[in-house]
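All the letters of the sequence shown, read from the start, carry residue numbers 1 to 488 under UniProt numbering.
The beta-carbon is built from N, C-alpha and C at its ideal position, and this holds for glycine as well.
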Amino acid sequence: MSESKCPVIHGKTMTTTAGAPVADNQNSLSAGPRGPLLMQDYQLIEKLAHQNRERIPERVVHAKGWGAFGTFTVTHDISKYTRAKVFALGATTPLLARFSTVAGELGAADAERDVRGFALKFYTSEGNWDLVGNNTPVFFIRDPLKFPDFIHTQKRHPRTNLRSSTAAWDFWSLSPEALHQVTILMSDRGIPTDPMHMDGFGSHTYSFLNADGERFWVKFHFKTRQGHAHYTNAQAADVIGQSRETYQEALFGSIEAHQYPKWDVKVQIMPELEADTTPYNPFDLTKVWPHSDYPLIEVGVIELNRNASNYFAEIEQAAFSPSNIVPGIGFSPDKVLQARLFAYADAHRYRLGTHYEALPVNAPKCPVNHYHRDGSMRFFDNFQSNPDAYYEPNSFGGPSEAPQYREPPLRISGEADRYDHRDGNDDYSQPRALFNLFDDAQKARLFANIAASMTGVPDVIVERALTHFERIHPDYAEGVRAALKTQK
Ligand code: HEM
């Protein structure tokens, strides 16, 4: 609507935050028309003070994101693997999805080459289940001790305040476990055109527990029904030149236009004891489980069909954590997953505050009964309904534990030590299998993308990276070497 046609609507009386009517919101209170201002102009002070508090810390990673609400509907019976109600045949569960890039800050351009976050919050009748995955099935590291170092290489250099290709390639070339993820990142899949045209993965191995107390290892897959679409580096540069917000425009616009994106939900299942016999560690986040050994099993469909009406409250303040699981779904020994169980809720307490889970977007849609009390901004029930039951155990009918939800014991063994996560690990076969799947044009783009990302990287680091590509496949190293020459 053009400004001249915009109707003037006279609404409610404006007030201060304390509810008192505001008589004048155009002019500060001053001694004479030229000033100075009077300190009693609390209205001005409140306005400026509130503005100073408008920003909260952005996520330390995955700061730039796009989200929407929708549903998950179960179309196939997998009750022999899990008793989770969210997987009951025919069940429909409301959910929130947030997609993101990893490295960019809150204002980063959307169409940048990066891994995409694929975070889902299922508001189940048994509590919130968060699956905080990516658009790739593997990750750069397999030991969480490396995560802050890895992220430093993706963020800004402390002196130049610029992103550093040297840091990225130094770390990757010293961390061969990253080769699988780096190959995906530098392939066509490194710049999806928008959140709808990419798959999602839980990436880690999780566990399923069925009604008989049996445990299965599980990997989650979300297959886009929109098809895959990607930008080349040149297309992305062009797109970013036109708009830095293309993902927000695409996702928000698609839902506003009632074109609701969908993903098929599938799982790979491994019986508990088979984990002892696979030729690779099934809890290694840098590895996929071959589909020939563990085929995809159909489960259901996700549809996104509602935009947030308040981006800040519902998307920016959303708090996803891999530690949020529900009965019938469990963790696994994956070391990176184990570390993430700590990291997210800790980040939320810092980023959003003590009661982040009481914010409407994070609040479970089922009864919540615990004994945490007080704390900053405790605006919700603080035991008023049953004030004598504020500790546990108690004789006043307060909430109590429910042993029927106990997980079956997990066998673990071994001596406590700092085991070298690189010992005996094959970091080359799976990237080789992926490389062999690419056709010639895809390989050429992979080589060109890697060469482009190595601009300015010292030769010694480039050569180190090339020795790893050589071990994946001689054609891989040769292709990158040739692309580097054309680059110069
Ligand atoms: C966000 C830590 C690995 C996917 C975050 C955040 C932290 C974090 C602190 C910000 C949380 C917030 O402020 O809300 C870590 C650590 C990791 C790790 C310590 C490894 C040791 C991974 C992996 C994946 C992943 C392996 C995917 C498989 C995500 C996603 C988000 C995120 C999607 C954004 C969630 C959202 O949309 O709010 N991570 N992360 N991270 N991480 Fe990780």
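| message | Please give the ranges of any beta strand (DSSP E) in the region 71 to 141, keeping only runs that are unbroken, at least 3 residues long and fully inside the region. | response | 92 to 101, 116 to 124 and 127 to 134
| message | Pull the bridge partners of D264 from the DSSP assignment, please. | response | Counting from 1 along the sequence shown, the entry for residue 264 is found at position 264. Answer by DSSP bridge pairing, in chain order: K223 and V301.
| query | Does the ligand HEM have even one heavy atom less than 7 Å from the beta-carbon of P192? | reply | Position 192 of the sequence shown, counted from the first residue, corresponds to residue 192. P192 Cβ: outside cutoff for every heavy atom of the ligand HEM.
| said: Suppose you measure from the CA of G65 to the CA of L38; what does that come to, to the nearest Å? | reply: On the sequence shown, position 65 is the one that residue 65 refers to. On the sequence shown, position 38 is the one that residue 38 refers to. Going from the Cα of G65 to the Cα of L38 covers about 42 Å.
| said: Output needed for Q487: all residues of its chain with C-beta closer than 6 Å, excluding positions within five of it in sequence on either side, in chain order. | reply: Numbered from 1 along the sequence shown, position 487 holds the residue referred to as residue 487. Answer for Q487: A451, listed in chain order.
| query | Buried or exposed: where does I56 fall if 16 or more other Cβ atoms within 10 Å of its Cβ makes it buried? | reply | Walking along the sequence shown from the start, residue 56 turns up at place 56. Classification of I56: exposed, given that the 10 Å Cβ count is below 16.
| Residue burial classification, T17 (beta-carbon count within 10 angstroms, cutoff 16) | Along the sequence shown, read from residue 1 onward, the residue named residue 17 stands at position 17. Exposed.
| task | Return the chain-ordered list of same chain residues with a C-beta closer than 6 Å to the C-beta of R113, the five sequence neighbours on each side being excluded. | result | Numbered from 1 along the sequence shown, position 113 holds the residue referred to as residue 113. G190 and I191, listed in sequence order.
| message | Quick check: what's the CA-CA separation for H421 versus S243? | response | Stepping through the sequence shown from its first residue, residue 421 is reached at position 421. Stepping through the sequence shown from its first residue, residue 243 is reached at position 243. Near 42 Å, if we compare the C-alpha coordinates of S243 and H421.
| task | For Y128, count neighbouring Cβ atoms within 10 angstroms of its own Cβ and tell me buried if that reaches 16, exposed if not. | result | Along the sequence shown, read from residue 1 onward, the residue named residue 128 stands at position 128. Note that residue 128 corresponds to Asn in the displayed sequence, not to Tyr. Buried, since its Cβ has 16 or more Cβ neighbours within 10 Å.
| Per-residue DSSP class, three states only, for I450 | As a first step, residue 450 is located in the sequence shown; it is residue number 450 there, counting from the start. Here I450 sits in helix by DSSP.
| Every unbroken beta strand (DSSP E) inside the region 273 to 318 [3 residues or more] | 297 to 306
| field | R349, DSSP secondary structure in three states | value | Along the sequence shown, read from residue 1 onward, the residue named residue 349 stands at position 349. Note: R349 maps to helix in three-state DSSP.
| message | Per the DSSP calculation, H230 is bridged to which residue(s)? | response | Residue 230 sits at position 230 when you count from the first residue of the sequence shown. DSSP output for H230 lists P192 as bridge partner(s).
| Would you report the Cα separation of K146 and T124, rounded to the nearest angstrom? | Residue numbering aside, residue 146 sits at position 146 when the sequence shown is read from its first letter. Residue numbering aside, residue 124 sits at position 124 when the sequence shown is read from its first letter. Cα to Cα, the separation comes out at about 33 Å.
| field | Any 3 or more C-beta pairs closer than 8 Å across the region 260 to 275 and the region 222 to 229 | value | yes
| query | Does at least one heavy atom of the ligand HEM sit under 7 Å from the Cβ of V61? | reply | What you label residue 61 is simply residue 61 of the sequence shown in a count that begins at 1. True, at least one ligand heavy atom lies under 7 Å from that Cβ.
| query | By how many angstroms is the C-alpha of F283 removed from the C-alpha of P333? | reply | Within the sequence shown, numbered from 1, the residue matching residue 333 stands at position 333. Within the sequence shown, numbered from 1, the residue matching residue 283 stands at position 283. Approximately 6 Å, taken between the alpha carbons.
| message | Rounded to the nearest angstrom, what separates T170 and T183 at their Cα positions? | response | As a working mapping, residue 170 is identified with position 170 in the sequence shown. As a working mapping, residue 183 is identified with position 183 in the sequence shown. The amino acid occupying residue 170 in the given sequence is Asp; Thr does not appear at that position. Answer to the nearest angstrom: the Cα atoms are 16 Å apart.
| task | Whole angstroms is fine: what's the gap from H10's alpha carbon to T92's? | result | What you label residue 10 is simply residue 10 of the sequence shown in a count that begins at 1. What you label residue 92 is simply residue 92 of the sequence shown in a count that begins at 1. Using only the alpha carbons, I get a separation of about 42 Å.
| What does Y206 pair with, by DSSP beta-bridge criteria? | For the purposes of this step, residue 206 is identified with residue 206 of the sequence shown, where counting begins at 1. Paired residues: V218.
| message | Assuming contact is defined by CB atoms lying nearer than 8 Å, are G133 and G200 in contact in what I supplied? | response | Walking along the sequence shown from the start, residue 133 turns up at place 133. Walking along the sequence shown from the start, residue 200 turns up at place 200. Yes, the pair counts as a contact, with Cβ atoms nearer than the cut-off.
| CA-to-CA distance, P158 to G456, given in whole angstroms | Taking the first residue of the sequence shown as 1, we reach residue 456 at position 456. Taking the first residue of the sequence shown as 1, we reach residue 158 at position 158. Answer to the nearest angstrom: the Cα atoms are 17 Å apart.
| Is the number of C-beta pairs between the region 334 to 344 and the region 103 to 113 that are closer than 8 Å three or more? | no
| How do the region 238 to 257 and the region 421 to 440 stand: do at least 3 beta-carbon pairs fall below 8 Å, yes or no? | no
| task | Round the Cβ separation of H348 and R378 to the nearest angstrom and send it over; I've been treating them as touching at under 8 Å. | result | In the sequence shown, the residue the question calls residue 348 occupies position 348. In the sequence shown, the residue the question calls residue 378 occupies position 378. Actually they do not touch by this definition, with Cβ atoms about 16 Å apart.
| message | Using only the alpha-carbon positions, how far apart do S165 and F208 sit? | response | Your numbering for residue 165 matches position 165 in the sequence shown. Your numbering for residue 208 matches position 208 in the sequence shown. If I take the Cα positions, the gap works out to 40 Å.
| message | If contacts are defined as beta-carbon pairs under 8 Å, then D388 and F380 qualify, I think. What distance do you get, rounded to the angstrom? | response | Numbered from its first residue, the sequence shown carries residue 388 at position 388. Numbered from its first residue, the sequence shown carries residue 380 at position 380. That pair is no contact at about 19 Å.
| query | So, helix, strand or coil for P271, using DSSP? | reply | By 1-based counting over the sequence shown, the position of residue 271 is 271. Strand, per DSSP.
| request: Would you mind reading off the limits of the alpha helix (DSSP H) that contains M186? | output: Indexing the sequence shown from 1 puts residue 186 at position 186. Segment L179 to M186, the alpha helix (DSSP H) holding M186.
| field | Proximity to A318 [Cα-Cα], best of H50, S453, K443 and L95 | value | In the sequence shown, residue 318 corresponds to position 318, counting from 1. It is L95.
| request: Compute every distance between the C-beta of F147 and the non-hydrogen atoms of the ligand HEM, then say whether any falls below 7 Å. | output: Within the sequence shown, numbered from 1, the residue matching residue 147 stands at position 147. F147: yes, Cβ under 7 Å from the ligand HEM.
| field | Sequence-distant residues of its chain with Cβ nearer than 6 Å to H76 (five each side left out) | value | Counting from 1 along the sequence shown, the entry for residue 76 is found at position 76. Result list for H76: E298 and V299, in chain order.
| said: Assuming contact is defined by CB atoms lying nearer than 8 Å, are Y247 and N305 in contact in what I supplied? | reply: Taking the first residue of the sequence shown as position 1, residue 247 is located at position 247. Taking the first residue of the sequence shown as position 1, residue 305 is located at position 305. The answer is no: Cβ separation not under 8 Å.
| The alpha helix (DSSP H) spanning E249 covers which residue range? | Taking the first residue of the sequence shown as position 1, residue 249 is located at position 249. It spans T246 to E256 - the alpha helix (DSSP H) in which E249 sits, taken as one unbroken run.
| Pick from T286, S28 and S254: whose alpha carbon is nearest that of L44? | Along the sequence shown, one-based indexing puts residue 44 at 44. Among T286, S28 and S254, the Cα nearest to that of L44 belongs to S28.
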